[in-house]
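Reviewing the structure listed below.
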Amino acid sequence: MKFGMMFSDISRALFRRPATQKYPYVRQHNPARLRSFLKWNQQACTGCGLCAMDCPANAIHVTILDRKEKRFVFGYRPDQCLFCGQCVESCRQGSLSMVNDNWELAALDKKPFSVYFGETDDITKVLAGEPASGPETPEKA
Ligand code: SF4
Ligand code: SF4
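FYI, in this note's numbering the residues of the sequence shown are 40 to 180.
So, in structure tokens, the structure goes:
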């Protein structure tokens, strides 16, 4: 490279604004269709398990404690999630959606990556390993 060209490149780099942004101090608006954390609507859910069956990453596990009473525990693993949106497409009840403002999911330990939605008592039972209603518990094929 000739000295003149090199000098002009250096001077341009010195005075041009950097292409990078000062994240996290400067933030862009989240695109409206950004797929980030999964949101579950317990009232709409029927416990059919289609979301878990269609999830390519095995990131969802639905446990049915009482179908009539709509006592479901929806387990979600954001560290396995591909944010593909397939579960949202598969849910015929409109029970699932992906928010666009919860995408900063990095953590130093694994705890935030085991997420359980449902009633607190039901989650406690599931975590304690109490049996759910056996055959009705949807399993991934
Ligand atoms: S967005 Fe994709 S990978 Fe994530 S839970 Fe839904 S189906 Fe699974
Ligand atoms: S597909 Fe929808 S209704 Fe069926 S278990 Fe999943 S969230 Fe519930």
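Beta carbons are placed, not taken as given, at the ideal position from N, Cα and C, and that holds for glycine.
Please read all numbers here as calculations on a predicted model, not as lab measurements.
Sort E169, P151, R110, Y155 by Cα distance to A83 and report the nearest one.
One-based indexing of the sequence shown puts residue 83 at position 44. For the set E169, P151, R110, Y155, the Cα lying nearest the Cα of A83 is the one of R110.
Comparing C-alpha positions only, which one of F122, S129, D105, C130 sits nearest to M160?
Here residue 160 refers to the residue found at position 121 when the sequence shown is read from its first residue. The sequence given here places Asp at residue 160; Met does not occur at that position. Shortest Cα-Cα distance from D160 to any of F122, S129, D105, C130 involves D105.
With distances taken from CA atoms, which of D140, F152, V112 is nearest R74?
Start at 1 with the first residue of the sequence shown, and residue 74 comes out as number 35. Selected option, being the one with the closest Cα: D140.
Quick check on the burial criterion: 16 or more other C-beta atoms within 10 angstroms. Buried or exposed for T163?
One-based indexing of the sequence shown puts residue 163 at position 124. Burial call: exposed.
I need the DSSP call for D48, collapsed to helix, strand or coil.
Position 9 of the sequence shown, counted from the first residue, corresponds to residue 48. It is helical.
Which residues DSSP lists as bridging T102, in chain order
Position 63 of the sequence shown, counted from the start, is the residue given in the question as residue 102. In the DSSP output, where bridge partners are listed per residue, T102 has V112.
Around the C-beta of N46, are 16 or more other C-beta atoms found within 10 angstroms, so that it is buried, or is it exposed?
Residue 46 sits at position 7 when you count from the first residue of the sequence shown. In the sequence as presented, Asn is not what sits at residue 46; that position holds Phe. Exposed, since its Cβ has fewer than 16 Cβ neighbours within 10 Å.
Just the C-alpha distance for D148 and Y155, rounded to the nearest angstrom, thanks.
Position 109 of the sequence shown holds residue 148. Position 116 of the sequence shown holds residue 155. Within the model, the alpha-carbon separation for D148 versus Y155 is close to 17 Å.
Under 8 Å, do C94 and Q125 count as touching if we go by C-beta distance?
Within the sequence shown, numbered from 1, the residue matching residue 94 stands at position 55. Within the sequence shown, numbered from 1, the residue matching residue 125 stands at position 86. Yes, the Cβ-Cβ distance between C94 and Q125 is below 8 Å.
Please name the residue or residues paired with F156 in a DSSP beta bridge.
Within the sequence shown, the letter at position 117 stands for residue 156. Answer by DSSP bridge pairing, in chain order: F113.
Whole-angstrom distance between L53 and I187, CA atom to CA atom:
Missing from the structure shown is residue 187; the chain here goes from 40 to 180 and no further.
Minimum C-alpha distance to D118 - residue among C87, F152, I103:
Counting from one through the sequence shown, the residue named residue 118 turns up at place 79. Out of C87, F152, I103, F152 has the C-alpha closest to the C-alpha of D118.
Supposed contact pair L121 and D96 - C-beta distance, whole angstroms, cut 8 Å:
Position 57 of the sequence shown, counted from the first residue, corresponds to residue 96. Position 82 of the sequence shown, counted from the first residue, corresponds to residue 121. Rather than Asp, the amino acid found at residue 96 in this sequence is Ala. A96 to L121, Cβ: 5 Å. Contact.
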